[in-house]
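Residue numbers (the working numbering): 151 to 539.
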């Protein structure tokens, strides 16, 4: 089904931009149990939840909070939390499932989507509602360490991609959701979610080949973290560099981030590990790496090697991709997105590329959400793709 958003919903979606300035207020739930033997995507526990794009706004959906098995960047089993949302629209036949990867929300457990979707305080809930209004089920991962024990492994691509794929597996195994192993699956995400969804697209053929993935809609993708860090050093988005460093350090403690930080850097990063994006971005903005370190970790071979493990473009996604990027993106360089598209195309991927000619990073996900959803609708309807490599 192709879609146009009613004016009332469009106004609600516009609130997303303002919500980037509002920290999450919901408290974290109890940590999940330690992972037991089982398959990636197996459900560890489940509890009733709710989905409200704005506080108290009805959606005609049923929701569950889940903890499910996944895999770290180093291949170790872990437990990740997330939310499954299914429209209660009387549909009896099969419905598509979108595994949705959110953009940056922060590193504190209270920032996790599953802790905010029930209260109408999740930043991308209005965009998720566009998908449920189409009659699609949606599963939203919290990623590794966000809402579960440990520090969020922010920007660690392989971990995020596996969390996205295993969320889809978990949703299809959830009793009462009405989904199955034959459910058609779409992957969607922007910004941090663009990295996670793109990693899911690259990994799916080898990590989760049984999923019936029809396509991936991904935008504002930070495909090369070293390039993104260089672009943001000392700028409006410099706080994201330090969040990313903390996320990499959480995944790979041998990097010893704190040994590179001066007292101001240690204080900033400690705060980032506990807070949400509004506070983190403001606290870290317009700072240079040299302001907060005794030496630059990004110049060290071990850091470069780990960051390059999250670099995208080395594997062609098995399913078609719709990739979009704002020409005026002030956080993720447009050239980084174009390079990813070129590398995927060179490897034989089916990629449709769209430039967002007017706007910047945050507006890009809002203004292009309907087009991305319509592209997924065409994939679910088995219509021909229009790759432009």
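Note that beta-carbon positions come from the ideal geometry of N, C-alpha and C, so glycine has one too.
Across which residues does DSSP place residue i in a beta bridge pair?
i	result
residue 488	The partner list for residue 488 (beta bridge, DSSP) is empty, contrary to what the question assumes.
residue 232	216 and 291
residue 411	443
residue 340	369
residue 334	362
residue 195	217
residue 247	287 and 335
residue 539	Note: residue 539 sits in no beta bridge, so no partner.
Taking just the CA atoms, how far does residue j sit from residue i?
i	j	result
residue 485	residue 515	18 Å
residue 291	residue 250	7 Å
residue 281	residue 248	8 Å
residue 533	residue 246	15 Å
residue 430	residue 519	26 Å
residue 312	residue 456	17 Å
residue 459	residue 392	18 Å
residue 433	residue 239	44 Å
residue 365	residue 267	25 Å
residue 206	residue 298	26 Å
residue 470	residue 441	43 Å
residue 289	residue 416	35 Å
residue 269	residue 293	19 Å
residue 327	residue 273	24 Å
residue 339	residue 477	18 Å
residue 342	residue 253	4 Å
residue 521	residue 279	15 Å
residue 244	residue 322	11 Å
residue 414	residue 490	35 Å
residue 173	residue 258	Note on residue 173: pLDDT 38, under 50, position unreliable in the model; the coordinate value appears next. Looking at the two C-alpha atoms, the distance is approximately 10 Å.
residue 496	residue 352	14 Å
Should residue i and residue j be called a contact, given that it needs their Cβ atoms to be closer than 9 Å?
i	j	result
residue 371	residue 454	no
residue 315	residue 225	no
residue 349	residue 462	yes
residue 535	residue 502	yes
residue 334	residue 530	yes
residue 381	residue 223	no
residue 196	residue 283	no
residue 235	residue 212	yes
residue 541	residue 390	There is simply no residue 541 to check, as the chain begins at 151 and stops at 539 in what is shown.
residue 346	residue 318	no
residue 395	residue 447	yes
residue 425	residue 256	yes
The ligand NAP and residue i: does the residue's C-beta get closer than 8 Å to at least one heavy atom of that ligand?
i	result
residue 508	As for the ligand NAP, it is missing from this structure, which has no ligand bound.
By a C-beta neighbour count over all protein chains shown, 10 Å radius and 16 as the cutoff for buried, is residue i buried or exposed?
i	result
residue 286	buried
residue 180	Because the pLDDT of residue 180 is 41, which lies under 50, any placement of that residue in the model is unreliable, and the number read from its coordinates should be weighed accordingly. Exposed: under 16 other Cβ atoms inside 10 Å.
residue 528	buried
residue 450	exposed
residue 452	exposed
residue 332	exposed
residue 306	buried
residue 360	exposed
Kindly provide the ranges of any alpha helix (DSSP H) runs that are 4 or more residues long and lie completely inside the region 249-287, ordered along the chain. Runs of the alpha helix (DSSP H) inside the region 249-287: 263-266 and 275-282.
Ranges of the beta strand (DSSP E) found wholly within the region 199-227, counting only runs of at least 3: Taking only runs of at least 3 residues, the beta strand (DSSP E) segments lying wholly in the region 199-227 are 211-221.
Could you give the uninterrupted runs of the beta strand (DSSP E) lying entirely in the region 434-503, keeping only those of 3 residues or more? Within the region 434-503, the complete beta strand (DSSP E) runs of at least 3 residues are 471-476.
Uninterrupted alpha helix (DSSP H) stretches inside the region 378-411 (no shorter than 4 residues): Scanning the region 378-411 for uninterrupted alpha helix (DSSP H) segments of 4 residues or longer gives 388-401, listed from N- to C-terminal end.
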